[in-house]
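Presented below is the structure to which this report refers.
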Amino acid sequence: MKQIAIAGSSDRNPLEKAAEKTREFARELARYKDDVVLLTGGREGIMRLASEEFSKLGGIVVGILPDRQEGNEFNKIRIKTGMDFVERSGVLVNSADVLVVLGGGVGTMIEALMAYNLGIPLVVLTDTAYESDELEGLAKDGYFDHKKIEKVYFTSDPREAAELALRLAKNKRS
Numbered sequence: 001m002k003q004i005a006i007a008g009s010s011d012r013n014p015l016e017k018a019a020e021k022t023r024e025f026a027r028e029l030a031r032y033k034d035d036v037v038l039l040t041g042g043r044e045g046i047m048r049l050a051s052e053e054f055s056k057l058g059g060i061v062v063g064i065l066p067d068r069q070e071g072n073e074f075n076k077i078r079i080k081t082g083m084d085f086v087e088r089s090g091v092l093v094n095s096a097d098v099l100v101v102l103g104g105g106v107g108t109m110i111e112a113l114m115a116y117n118l119g120i121p122l123v124v125l126t127d128t129a130y131e132s133d134e135l136e137g138l139a140k141d142g143y144f145d146h147k148k149i150e151k152v153y154f155t156s157d158p159r160e161a162a163e164l165a166l167r168l169a170k171n172k173r174s
């Protein structure tokens with residue numbers, strides 16, 4: 001099974017542009033539900049929207065939660081880490097075959113940079129109206145720094161983001 005993780009805002013009322021793209025991403029990813037497990041931070045906002053779409057189409061959602069939180073109702077499996085938010089992000093990112101950024105602020109961007117630094121394939125969905133859209137400006141020639149650890153992929157198309165994630169996860173598992 002490919003473990004595709006998402007990073008996104010926990011805003012209870014996420015920005016509509018990001019919300020629409022998240023739903024479309026999750027629906028596309030759900031076409032491969034027999035080969036994919038969706039990993040999320042397990043809480044509200046973008047994480048909840050992706051979890052709802054993916055699970056209602058038969059996919060398995062694993063919520064990697066901070067502290068001992070229950071998270072949203074769409075977590076099929078709950079990993080209560082007992083850790084704070086940043087430490088929990090380390091578990092989420094390290095468990096991923098690929099990380100997809102669906103729009104968010106500083107926590108989302110930290111997860112993206114963490115994935116890059118750890119050599120985990122990264123796809124960033126742009127044009128979400130969140131600050132994470134600015135990550136593209138940091139990636140000169142597709143990399144966040146001179147080390148060129150792992151190429152970062154950017155797209156404004158949620159379906160393409162899902163396809164890229166599947167392809168990169170497959171390559172990572174081989």
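Going by the UniProt record's numbering, the residue at position 116 of the sequence shown is 116; the numbering climbs one at a time, nothing skipped. Even for Gly, the Cβ is constructed at its ideal location relative to N, Cα and C.
Residue closest to residue i, alpha-carbon to alpha-carbon, out of the options
i    : options                  : result
L138 : D157, A112 and G107      : A112
N13  : G103, D157 and I64       : G103
E20  : A169, A165, S156 and L65 : S156
D67  : A5, A26 and T81          : T81
G119 : V98, T108, K56 and G107  : V98
A165 : L15, N117, V86 and A26   : A26
CB-CB length for residue i against residue j, believed under 8 Å
i   : j   : result
S89 : L39 : Actually they are not in contact, since the Cβ atoms of S89 and L39 sit about 11 Å apart, beyond 8 Å.
One or two residues paired with residue i in a DSSP bridge
i    : result
V101 : A7 and V124
T155 : L125
Y143 : K140
K2   : V36
L65  : K80
Reduced DSSP category for residue i - H, G, I as helix; E, B as strand; rest coil
i    : result
F74  : coil
G90  : helix
Y130 : coil
R81  : Note that residue 81 is Thr in the sequence shown here, rather than Arg. Of the three classes helix, strand and coil, the one that applies to T81 here is coil, per DSSP.
S174 : Annotation note: pLDDT 46 at S174 (below 50); position unreliable, coordinate value reported separately. It is coil, neither helix nor strand.
G107 : helix
I60  : strand
Exercise for the section: Report yes or no: do the region 59 to 79 and the region 123 to 138 share at least 3 C-beta pairs separated by less than 8 Å? Expected result: Between the region 59 to 79 and the region 123 to 138 there are fewer than three inter-stretch CB-CB distances shorter than 8 Å, so the stretches are not counted as touching.
Exercise for the section: Report yes or no: do the region 33 to 47 and the region 142 to 151 share at least 3 C-beta pairs separated by less than 8 Å? Expected result: Verdict: no, contact absent.
Problem - the region 123 to 130 contacting the region 52 to 64, beta-carbon criterion three pairs below 8 Å - result: A contact is defined here as three or more CB-CB pairs under 8 Å, and the region 123 to 130 fails this definition with respect to the region 52 to 64.
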